Amino acid sequence: MYQKLLDTLSQEVSGVAAKRLVAHISQWHRIQASPMYREAAQWVDTTLQSWGIASQIETFSAHSDVWAWSEPMFQEWWCDTATLTLLKPDGTTQRLADYREIPLSLIPRSAPAHGEFEVVIVDGGTHIRDYDNVDVRGKLILTQSTPTAIHDLAIERFGAAGIIYDGMRSIPQICPAGDLQDAIQYISWWWWGNETRAFGFALSPRAGAELRQRIDQHTRDGEGPVRVRALVQSHFADGAVEVVTAHIPGETDEQVIVVSHLCHPAPCANDNASGAAAAMETVRALHTLITNGKLAKPKRSIRFLWMPEMTGTYAYLAAHEDDLSKTIAGLNLDMVGEDQDQCGSSWLLVRTSDALPNFTSDLLEAIREGLFGEAQSFASNGSFPLFRHAVTPYANGSDHFILTDPSVGIPTPMLIQWPDRFYHTTADTLEKVSPKSLQHAATLAGTYAYWLAQAGANETRWLAHELIARFEQRLTRELQHGVTMALEGLTPEGPHWDDRLAFWVDRQEQTLKSLQRLDPHFEPEAACKFARTIGEAAWIRVREILQDWHTTERPMLHKDIAMLVPQRRYRGPVTLHAHIHRLPVEERDQARAMFQQHRDFFGVPADVSLYWADGQRTLAYILDMVALETGIRDPEALAYYFRLLTKLELLELGVTSR
1 MYQKLLDTLS QEVSGVAAKR LVAHISQWHR IQASPMYREA AQWVDTTLQS
51 WGIASQIETF SAHSDVWAWS EPMFQEWWCD TATLTLLKPD GTTQRLADYR
101 EIPLSLIPRS APAHGEFEVV IVDGGTHIRD YDNVDVRGKL ILTQSTPTAI
151 HDLAIERFGA AGIIYDGMRS IPQICPAGDL QDAIQYISWW WWGNETRAFG
201 FALSPRAGAE LRQRIDQHTR DGEGPVRVRA LVQSHFADGA VEVVTAHIPG
251 ETDEQVIVVS HLCHPAPCAN DNASGAAAAM ETVRALHTLI TNGKLAKPKR
301 SIRFLWMPEM TGTYAYLAAH EDDLSKTIAG LNLDMVGEDQ DQCGSSWLLV
351 RTSDALPNFT SDLLEAIREG LFGEAQSFAS NGSFPLFRHA VTPYANGSDH
401 FILTDPSVGI PTPMLIQWPD RFYHTTADTL EKVSPKSLQH AATLAGTYAY
451 WLAQAGANET RWLAHELIAR FEQRLTRELQ HGVTMALEGL TPEGPHWDDR
501 LAFWVDRQEQ TLKSLQRLDP HFEPEAACKF ARTIGEAAWI RVREILQDWH
551 TTERPMLHKD IAMLVPQRRY RGPVTLHAHI HRLPVEERDQ ARAMFQQHRD
601 FFGVPADVSL YWADGQRTLA YILDMVALET GIRDPEALAY YFRLLTKLEL
651 LELGVTSR
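Mapping the sequence shown onto the numbering used here, position 302 (from 1) lands on 302, and the numbers just tick up by one.
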């Protein structure tokens, strides 16, 4: 049903050529809303047009008075030059950072600065107690906490002039603490409104350790404070963000969309020059095959977007609301080029949220399995892939989390290589990119997009069978996992198993009904009956073990809030950190404390809880759904989250009419 198409795309797509595109894109310091990003976008657009592909750049306002749905925009930023110089007691100097040499050594969106500053060490910096007995006013803080984590205290309240950051993320399995001593971590300032702007530099862990040792030595020897000279010639102005859009025309007004964010500092080759390049190679391959007559003109159009992550997706979708209902599916390409041996990554397929039941994740998984026959077993009686891969539940963190929100309604799985040893560092360079990974990603993306663009009655019928088969496999695996835990005598956690089963069957029925997006004449009832039958048979097999194996604790919402119904004021999810600065000081402190205390909730579960808010469901119902989808049940955090959104005027809480 898809293998011939997959083979055709595989023969046309070139991973080597795609890596050359990565080399071009990774040259630019692609900060969102900047002239540097704009140059990269213009190059993408010009290159696409040189291939004969219909493309253009759409421009959206970038200043703090503009919102795209619930997402505040921000001013354009750029920098001419920036240096940080150590002033030694003997009158000599040592250059610590130079923007011209390593753009990421200046924290993006740093404010202008020119002067000499004392450097003080602040451990942590995220709690008021961290500033006890430390005077930071007018000084630079040497810290391993990110700018967004310490800005409110360090800059706003205690008056620090800026920061010097020498931290490095640790992913224990592939990037343990102490690794990447000479790389610089990507961190950033974000300014959405009336915040006090500051500047900052980023050092490698090795350079930071040397500076810390110097400060300690000065303290022991009574030599006085360590001082540096900082120069930052940066600029802010009301400006624009650009979204590059390319279009393979179809015969109807429906479309499939492929997105890949173009932003991030130089080089950030895998994140996400690789996704942007893979999308370029995908659209080139499809255009070539259609032009040469090897593929027919699709029924539905295929649209490609290259944009600033999140920001550009909000802006584009808000400007094209009329197209949302016509867009049947999407795909997000983010970090798809990793050399797995160097980066330690696996090729993940991130499924969509259960709040938006749909056919895309299973379809993408099925097509990807068509790439698995790379190698033969020793006896040549079996085949397997030569790359690490996995399918994971819904996770946020990239543009698909906007598209997949049910208020937007474009089901969009993500392809990503994760984890990555060099993620968000200056070590994310071209030699870490694999042509084979790019070839796989572009081939899969093109097959998925074109298959959906062409799908009709026969394809829908096949996909219904595929969905049922994969549902049965997943259901059997999940229930058997429960049986294993129960018979091992482990403590039960999460929702009751009969509730889980009912949830899974209901979501599968809704998934089958979503096939009417592909074929309006498809009758889903027979397939839904199969799903119910599979669920009933599976439960009969495990009921004796799982029916009474469940936790007796089931925390609930207070009755005063349980039956309230949230009414969303905007399409799309909410980026909380873009709004917290609007709260009074005491409420910002409370928010930070809640985020820390309930950190398991304030991630995917928080986003999912908003997904389930459709204007009809109560908070009590949403609490149950979040627990069933994510395994996290935290009524205190959920109640606080929706009250916070109400305080920020992002939604309203009303009394249920039922």
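Cβ coordinates follow ideal geometry from the N, Cα and C atoms, glycine included.
In this text the structure is predicted, and so the values were computed from the model without any measurement.
Sub-9 Å separation of residue i and residue j beta-carbons
i	j	result
F471	T533	no
W264	R100	With the sequence shown as reference, residue 264 is identified as His, and Trp is not the correct amino acid for it. No, they are not a contact pair.
A315	M556	no
T126	V228	no
E338	G15	no
Y394	V574	no
L324	G200	no
V119	V134	no
T148	I163	no
L6	T447	yes
A177	S188	no
Q27	A202	no
L712	V256	Nothing can be reported for residue 712: it is not among the residues displayed for the chain, which extend from 1 to 658.
R300	S346	no
Q567	D498	no
Alpha carbon of residue i to alpha carbon of residue j, nearest angstrom
i	j	result
G224	V22	48 Å
R284	V259	15 Å
D322	D98	46 Å
A469	L475	10 Å
R658	G138	Caution applies to R658, whose pLDDT of 49 falls short of 50 and renders its modelled position unreliable; the model cannot decide the point.
F117	W77	24 Å
A161	P89	22 Å
E553	P492	10 Å
D634	A627	8 Å
Y37	V244	11 Å
L356	Y611	8 Å
D334	L262	10 Å
H287	H24	21 Å
I302	G52	15 Å
V505	V350	20 Å
K432	L438	12 Å
R368	P385	10 Å
V136	R197	16 Å
Y2	P435	23 Å
L651	G115	45 Å
Option in the options with minimal Cα separation from residue i
i	options	result
A639	N358, K294, T630 and F595	F595
L211	Q94, I53 and S383	Q94
R588	H151, W51, V136 and E39	H151
L648	V16, A578 and H424	A578
M563	E536, L576, F601 and L653	L653
R643	E629, L576 and Q616	L576
Q11	L371, A464 and V655	L371
Q454	I248, N358, D634 and P419	I248
F522	T404, I561 and N458	N458
A113	H287, V232 and V134	V232
K19	M625, E536 and S274	S274
D238	A33, I561 and D216	A33
A538	E478, S145 and A591	E478
L289	R599, A593, G344 and V13	V13
D420	G167, E39, S50 and D179	D179
E71	D166, R569, S353 and S110	R569
Presumed contact (8 Å Cβ cut-off) between residue i and residue j, rounded CB distance
i	j	result
A278	A526	Between A526 and A278 the Cβ distance is about 38 Å, and since that is not below 8 Å, they are no contact.
A183	T425	4 Å
T360	A390	Not confirmed; about 17 Å, so no contact.
M310	I174	26 Å between Cβ atoms; not a contact.
T8	K294	6 Å
G572	S383	No, G572 and S383 are not in contact; Cβ-Cβ is about 42 Å, not under 8 Å.
Y131	L153	7 Å
A269	L430	5 Å
V565	Q616	7 Å
H400	N332	4 Å
A319	F60	7 Å
C-beta neighbour in chain C for residue i, strict 9 Å
i	result
F199	Among the chains of the structure shown, chain C does not appear; only one protein chain is present.
Restricting to runs no shorter than 3 residues, where is the beta strand (DSSP E) found entirely within the segment 553-619? 564-568
For the segment 314-385, which segments carrying the alpha helix (DSSP H) assignment without a break, of at least 4 residues, lie completely within its bounds, in sequence order? 340-343 and 360-369
Could you tell me which uninterrupted beta strand (DSSP E) segments, each at least 3 residues in length, are contained entirely in the segment 51-105, listed from first to last along the chain? Fully enclosed beta strand (DSSP E) runs of 3 or longer: 54-62, 76-87 and 93-98.
Considering only residues of the segment 461-496, which uninterrupted alpha helix (DSSP H) runs meet the minimum length of 4 residues and lie entirely inside it, listed in chain order? none
With a floor of 4 residues, list each alpha helix (DSSP H) that falls wholly inside the segment 160-235, ordered by position along the chain. 205-221
Just to confirm the assignment: which complete beta strand (DSSP E) runs, minimum length 3, are found wholly within the segment 229-281? Complete beta strand (DSSP E) runs here, min 3: 239-248 and 255-261.
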